[in-house]
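Colleague: Residue numbers (UniProt numbering): 1 to 685.
(1) Pick out whichever of 444, 575, 143 and 330 has its Cα sitting closest to the Cα of residue 97.
(2) Taking residue 75 as part of the beta strand (DSSP E), name the residues at either end of that continuous run.
(3) Can you tell me whether residue 354 is buried or exposed? The criterion is at least 16 other CB atoms within 10 Å of its CB, across all chains shown.
(4) If distances are taken between C-alpha atoms only, which option among 145, 205 and 163 comes closest to residue 173?
(5) Near residue 418, which residues of its chain fall below 8 Å by C-beta distance, leaving aside the five closest residues on each side in sequence?
(6) Looking at the strands, I want to know which residues DSSP matches up with residue 269.
(7) My assumption, with CB atoms under 8 Å, is that residue 53 sits in contact with residue 75. Please give the rounded CB distance.
(8) So what does DSSP say about residue 133, is it helix, strand or coil?
(9) Give the DSSP-derived three-state secondary structure of residue 4 in the structure shown.
(10) Could you tell me how far apart the beta carbons of residue 154 and residue 49 are, in whole angstroms, since I believe they sit closer than 8 Å?
(11) Measure the alpha-carbon distance for residue 359 versus residue 525 and round it to whole angstroms.
(12) Within 10 Å of its beta-carbon, does residue 603 have 16 or more other beta-carbons around it, so buried, or fewer, so exposed?
(13) Do the CB positions of residue 270 and residue 368 come within less than 8 Å of each other?
(14) Could you check whether residue 275 and residue 298 sit closer than 8 Å to each other, using their CB atoms as the reference points?
(15) Classify residue 546 as helix, strand or coil using the three-state DSSP reduction.
(16) Mind checking residue 59: buried by the 16 CB within 10 Å criterion, or exposed?
(17) CB residue 181 to CB residue 71, shorter than 8 Å?
(18) Whole angstroms is fine: what's the gap from residue 318's alpha carbon to residue 352's?
(19) For residue 640, which residues does DSSP report across the bridge?
(20) Distance check for residue 585 and residue 702, CA to CA, integer angstroms please.
(21) Which value, in whole angstroms, describes the spacing of the CA atoms of residue 191 and residue 175?
(22) Taking DSSP as the reference, what is the three-state secondary structure of residue 650?
(23) Compute the Euclidean distance between the alpha carbons of residue 634 and residue 647, then round it to the nearest angstrom.
(24) For residue 230, count neighbouring Cβ atoms within 10 angstroms of its own Cβ and tell me buried if that reaches 16, exposed if not.
(25) Given that a residue counts as buried once 16 or more other Cβ atoms are within 10 Å of its Cβ, and exposed if not, what is residue 324?
(26) If you follow the alpha helix (DSSP H) that residue 189 is in, where does it begin and where does it stop?
(27) Nearest by alpha-carbon distance to residue 456: which of 520, 590, 394 and 226 is it?
(28) Express the C-alpha separation of residue 103 and residue 473 in angstroms, rounding to a whole number.
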């Protein structure tokens, strides 16, 4: 049993950017799994979580706006606070020296309203957004960004200080006489897209800049950046910058296809007529942009790229990260079935790196398919894993998630790349006018990927009396039968239109499944044949009609602690960054139930005499460092989420524990000193 606890002031031990600082004294704790199932959350405040930033490298000087010093970075996360108040942003440089931000431009809810960028990541994701400048005194090299909110420290995000220039485009500028400084900016994006910028440069466009070069918007002719020194175009804080295309092809156009490593952030993209949104660049970060246009049509998409059988030098899609974009009202009822929201295709016959689609909001799009993975013809395939996570897809024509490939069996298998789909929310997907009215759809024989579909929510699906929650074909024409395999765990599916969960004939069973909630209010729908022990009770969301899909403890949600731990190698956090699990087991759905407002990365402090132990970093890749503050080490044990001991030792080297051989997931470290035993939870990346 646990002894009586004394909760310490969190500020005492939050003196390093440590994610998880726990000191739990255990007496007679012989069953770690039993202990874990009864752990009590006693947070003094919600722990802030950082999800992503627009830029991950840049210079520390050269910002001539009179406010900041170096690169202006925007952070997105949860529980950061709707205003700065006493909160702070820090940068820890490559030497371990920590500095406050040179200047904070804004700190607010990420609601798509000035002074923040145009992407609404607050309504459904509940995120906040912070823009700040890197301090000039920081040392070059890889550093860490983090925030402090109510004396609680967030996790860290990487940022590398390197060489490069900072430039500006503004309404008072001149392309001929300007030098790109704040006081003498250039006038147009077209100017900087014509081989003006160099590797590592960052261009900030200020309020009122509108780029329209009919039929294209902003055309980039070069040069290329590199992975270490990309070229970035970012909207300056408290500014609205718009690029508009008037017909084919794109709002942001990769002219030569040789151009790579360009990043775009916080730009409004208006497709005024037929055409597409942002054209892909190899290795680009496409972050928190807005893309819309009801007349959008053609054979592209809101974010689009195709390698078209060309040489590897013309690869435009490898390693793209599209995070936090707001794509809405794209297309109409007459838009081509070949126009999509995402259309990133590798038809070059050579291998490229798989891409990531995370935390995007897709809403009211009439083009077919939302989160769309597709290839055909001379498929080159992808290395790595497709990561599709944290997205919210609302009122989508065709499937909210679709993975398929050219279906002619006379061709080679198109790709075998694994696909991880987790922590997504699909609301009212599978809408007309297209005949495939399913929320999730997998096919054909030309794709042999293994799909892990974990902890998603499907709420309402189908249209015009047709459609299913999930359609994975078998028992049909060979070309159309899904050639891959899939797992289906910890998902919540809610029927709102009295439509079948799966097709009565053309269905393929997952290779493994379980712990899913299948709910229809009438209780009349047949369960999937392959689901052996479905949960059929109301999931008890807090307020689904208004977009709140958190689980209600007050209403005894059957999803709390009822999930499977098999997902732990993929799903270590929920859509808001809360570590899973929080209670006796993983929760079902996109949200993990958390006491006291969220976070769950600081558990509680149990100690006699203020004995402290610090453990960092967390999440960890290779080595956990232990600061015992004078206590004498005896032994340690590491347990997985099922309570199985996976590592132990009676000695440690330089106060470090090597966990590099552990699989990704959540673990518990039992650590014995001369003062007793402590147990803490950590996340292995």
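No residue lacks a Cβ here, since even glycine has one placed at the ideal position from N, Cα and C.
Given the structure is predicted, the values throughout are model-derived calculations rather than measurements.
Modeller: The structure says:
(1) 143
(2) For residue 75, the enclosing beta strand (DSSP E) starts and ends at 72-78.
(3) buried
(4) 205
(5) 385, 386, 449, 450, 451 and 452
(6) 243 and 291
(7) With 8 Å as the limit, residue 53 and residue 75 qualify as a contact, their Cβ atoms being about 5 Å apart.
(8) Three-state result, residue 133: strand.
(9) Annotation note: pLDDT 27 at residue 4 (below 50); position unreliable, no value reported.
(10) 6 Å
(11) 32 Å
(12) The predicted model places residue 603 with a pLDDT of 29, which falls under 50 and marks its position as unreliable, so this point remains unresolved.
(13) no
(14) yes
(15) helix
(16) buried
(17) no
(18) Using only the alpha carbons, I get a separation of about 5 Å.
(19) 667
(20) Any answer about residue 702 is impossible in this case: the structure gives the chain only from 1 up to 685.
(21) The alpha-carbon atoms of residue 191 and residue 175 are separated by roughly 6 Å.
(22) coil
(23) Between residue 634 and residue 647, the alpha-carbon positions lie close to 15 Å from each other.
(24) buried
(25) Only buried fits residue 324, as 16 or more other CB atoms lie within 10 angstroms of its CB.
(26) First-last of the alpha helix (DSSP H) with residue 189: 189-192.
(27) 590
(28) Their backbone Cα atoms lie some 54 Å apart in a straight line.
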